[in-house]
Structure formats: C-alpha cells, structure tokens
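Residue numbers for the sequence shown, in UniProt numbering: 1 to 167. C-beta atoms are modelled at their ideal positions from N, C-alpha and C, and glycine is treated no differently. All of these numbers come straight from a predicted model, not from anything done at the bench. What follows is one structure encoded as structure tokens, with my remarks underneath.
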Amino acid sequence: MSKTKLVLHENSQVLEKSILKGEITVGNSTVIQPLASILATNGPIVIGEHNIIEEFVTIENLNENGEPLIIGDKNTFEVQSTFRGKSVGNQNLFSVRSRVDKNVVITDFCSIGIGCVVPEGEELQPQTVVFGKNSDRRIGCEKGQNTEDELDYLLKVFPKYHKILKN
1 MSKTKLVLHE
11 NSQVLEKSIL
21 KGEITVGNST
31 VIQPLASILA
41 TNGPIVIGEH
51 NIIEEFVTIE
61 NLNENGEPLI
71 IGDKNTFEVQ
81 STFRGKSVGN
91 QNLFSVRSRV
101 DKNVVITDFC
111 SIGIGCVVPE
121 GEELQPQTVV
131 FGKNSDRRIG
141 CEKGQNTEDE
151 LDYLLKVFPK
161 YHKILKN
C-alpha cells in the first residue's frame, strides 16, 4: 500500500485519532469518529456525502485489480461494524458488530442487524433486512431511517470537543 493521500471535503469531519491508510476521499458532511479505521488496502476508497462512521468501525478495500470501494450517501456504520465488501449504495444501516465480507455488494436502503454477517460474494437487493442470530433475510417495506438530525447534531458538537483533520 502506498502512503496515505486524503481528499477531504471542507464540510466533512474526520476526527483526530481515526486511522486512515491509502487513498481516501471523503464527501460533504460525512463524519468519521475517533478510532474508526478506513483502510484503502487494495485500491482507493471514495466515501460519499452525509455518512456517519462511528468508533471502532473498520472499512477496508479488498477489491481486486485496484478497483475503488465506492460508498454512497447517507449510510450509517455503527460501532464495531466491519465492511470489506465491494460497494455500498445509499441510505444503508450497518448495525453494531455487523460484518460484511469480501466481494459483497450492498445496494440501497438495506439494514444489516446487530452482529449479523453477510458472507463473501453476495449482492443484496434494495431494502434487504438482515436480522437475527442466523442472519436471516427479508425485504423491508420502508426506505430506511433518516439520519439528518443525528448528523446535524454531530456536525455541530464534535468541533467543540475534538480536533478535526483538514486537507
């Protein structure tokens, strides 16, 4: 992996003590909390707008041939969730300690439940809900949660208590 190259939107908030390695682009109003790991191991990572990436999250690009890992807009990665998949669409929820393995495509409005696993090579259709101890699946009837209020709050509060990384 080459040295770290960060492109941060001026309104993004990447907090000090987050772990960033490789070529990473962070979009408008995305928040990356302390001790989250963004690892562009096999290629760049492009994170869209209005995402929340909480503490101890690991996002790692393990795609082949240097293919970028693209993360869309309005996604939430909760504490200790791990994503090593191929791509993420928009408005998805990755709950506490959930895990998405290599070569997985997450489309839009999906919800991965607490401690659930999406194994290697799957593609989840829009509005898929993964839940329970066996990581069962169903198609949801709603378009996912709205995190605008939470994100607005974080964008206001974090600068008061944390050092924000800038380009």
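- The continuous beta strand (DSSP E) containing residue 131 extends over residues 128 to 131.
- The shortest CA-to-CA distance from residue 127 to any of 163, 116 and 93 is the one to 93.
- Under the three-state reduction of DSSP, residue 165 is assigned to strand.
- Counting every other CB atom within 10 Å of its CB across the protein chains shown gives residue 100 a total of 16 or more, marking it as buried.
- Only residues of its own chain outside the window of five on either side were considered, and among them 29, 31, 50 and 52 have a CB closer than 7 Å to the CB of residue 151, listed in chain order.
- Put simply, the backbone Cα of residue 76 is about 14 Å away from that of residue 155.
- The stretch 128 to 143 makes no contact with the stretch 13 to 24; the number of CB pairs closer than 8 Å stays below 3.
- Boundaries of the beta strand (DSSP E) harbouring residue 5: 5 to 8, taken from the DSSP string.
- At a Cβ-Cβ threshold of 8 Å, residue 36 and residue 55 count as neighbours.
- Its Cα nearest to that of residue 117, the residue 83 stands out among 125, 83 and 90.
- Here DSSP, grouped into helix, strand and coil, assigns residue 62 to coil.
- In this structure, residue 66 lies away from residue 85, with their beta-carbon atoms at least 8 Å apart.
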